[in-house]
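Working notes for the structure below.
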Amino acid sequence: VICGALTSGRDHADLQGIVGFFVNTILLTNQVDFQQDFNGLLSRIDQDTIAALQHQAYPLELVCQDLNIKYPEIPVLFNMLNMQEAIVNRHRQPGEIYHQEHRQKLQFHLELDVIGVKNVLEVQCQYNRLMYRKKRVGHLMEQYHRLLESIAKEPDKPIQQHLQHKKKKKISIHIKKDQMVREEDKK
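For the sequence shown, the numbering used here assigns the number 5 to the initial residue and increments by one for each residue that follows.
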């Protein structure tokens, strides 16, 4: 799994007092062992992320330029924000999925911002409308919500068991060049 993540870009002392938006993208690559439990997967992702952060000061764009390679096509950007004050919409019910139209150019196919405030998580998903349909992203967010609920209840259960639908249908998501296909949809 290849995922982009944002770093603060302020690791040099000279940048601490400067006003501005300093962000670098790092690439995280991880293999998912579906027999492993979530805690084990999270521990491995944590180690891999710490290793990737060792290189955060050098912008990905410059790495590509120095190596004379094209900027990689990164399908997913994941951004976790821990907020002190609530900016999440308190008018929504937990687990409620809603759609809000935005008109901005995205650098990634899918961007997930997970905003944590106290004991509440809000997931905001932006997507490339040329790659995904609104209905497909809605299904993806429903599956993500079910997966998070399942993991929260039983983090020691193997990942594979968290991917089972209530009717015991396996749900897996494959991102292809121009579409996202659920195995469940093929049957």
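Where a beta carbon is used, it is the ideal one built from N, C-alpha and C, also for glycine.
Enclosing alpha helix (DSSP H) for residue i [first to last residue]
i	result
Tyr131	Segment 124 to 131 is the beta strand (DSSP E) holding Tyr131; no alpha helix (DSSP H) there.
Leu31	From DSSP, Leu31 is part of no alpha helix (DSSP H) but of the beta strand (DSSP E) over 28 to 33.
Gly142	138 to 157
Leu10	Looking at the DSSP string, Leu10 is not in any alpha helix (DSSP H); the run it does join, the beta strand (DSSP E), is 6 to 11.
Buried/exposed call for residue i, threshold 16 Cβ in 10 Å
i	result
His166	buried
Tyr136	buried
Gln51	exposed
Leu71	exposed
C-alpha gap between residue i and residue j, whole angstroms
i	j	result
Ala61	Ile54	13 Å
Lys157	Arg150	11 Å
Ile163	Gly44	10 Å
Leu46	Arg133	30 Å
Arg168	Leu10	Residue identity differs from the one stated: residue 168 is Gln in this sequence, not Arg. Those two C-alpha atoms are separated by around 31 Å.
Ala17	Phe26	13 Å
Gly21	Asn28	18 Å
Leu66	Ser12	17 Å
Which residues DSSP lists as bridging residue i, in chain order
i	result
Ile49	According to DSSP, Ile49 bridges with nothing at all.
Met84	Val118
Residue j beta carbon less than 7 Å from that of residue i
i	j	result
Cys129	Leu116	yes
Leu114	Val80	yes
Gly8	Ile78	yes
First and last residue of the uninterrupted beta strand (DSSP E) at residue i
i	result
Ile163	Where Ile163 is concerned, there is no enclosing beta strand (DSSP E), although the alpha helix (DSSP H) it sits in stretches over 163 to 166.
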